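In this note's numbering, the protein residues as written are -9 to 122. Each remark here refers to the structure printed beneath this line.
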């Protein structure tokens, strides 16, 4: 079963390593956005993401916290305020191991997990429930 993973990451190097782990499973189709605003547009199917054939609803969102235009905390707050029949599965994937960021994410109740970069095959297997 192939899954669509929306990776919200504005750093090219971090994206490269994340996509590398994701594509090694051969079970993930990776779509990248570089800002929190683009995550919102993608989830709404707005702007360049209107074509759900080309930009399907993500099975998983890997969300960086530190991005321009709208950060990951803003995305989580936006998701929390919107009614979803099926809310997106969100895992924070961030360079921040700070307890205040982790607590702030947990307070929204919108993220299923909090991972500190880099993404590893073991992390991915746990998230996707795949064998390593």
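All C-beta atoms in this analysis are idealised placements derived from N, C-alpha and C, irrespective of residue type, glycine included. All values reported here derive from a predicted model rather than from experimental measurement.
Buried or exposed: which applies to residue i, given that a residue is buried once 16 or more other Cβ atoms fall within 10 Å of its Cβ?
i           : result
residue 79  : buried
residue 121 : Caution is warranted here: a pLDDT of 49 is assigned to residue 121, below 50, making its placement in the model unreliable, and the coordinate value is therefore given only provisionally. Answer is exposed; the Cβ neighbour count stays below 16.
residue 8   : buried
residue 25  : buried
residue 73  : exposed
residue -1  : buried
residue 36  : exposed
Please list, in chain order, all residues of the same chain as residue i whose beta carbon is under 6 Å from its beta carbon, the five residues on each side excluded.
i           : result
residue 92  : 104
residue -6  : 19, 46, 48 and 49
residue 108 : 7
residue 70  : 98 and 100
residue 114 : 11
residue 2   : none
Taking a contact to mean a Cβ-Cβ separation below 8 Å, would you say residue i touches residue j in this structure?
i          : j          : result
residue 97 : residue 81 : no
residue 30 : residue 60 : yes
residue -4 : residue 23 : yes
residue 52 : residue 83 : yes
residue 65 : residue 85 : no
CB-CB under 8 Å to residue i, same chain, minus the five flanking residues each way: which ones, in chain order?
i           : result
residue 94  : 63
residue 118 : -7, 15, 17, 18 and 50
residue 13  : 20
residue 110 : 11
Within its chain, find whatever has a CB closer than 7 Å to the CB of residue i; leave out the 5 residues flanking it on each side and keep chain order.
i          : result
residue 39 : 31, 32 and 45
residue 43 : none
Within the segment 44 to 92, ranges of the beta strand (DSSP E) (whole runs, at least 3 residues): 50 to 53 and 80 to 84
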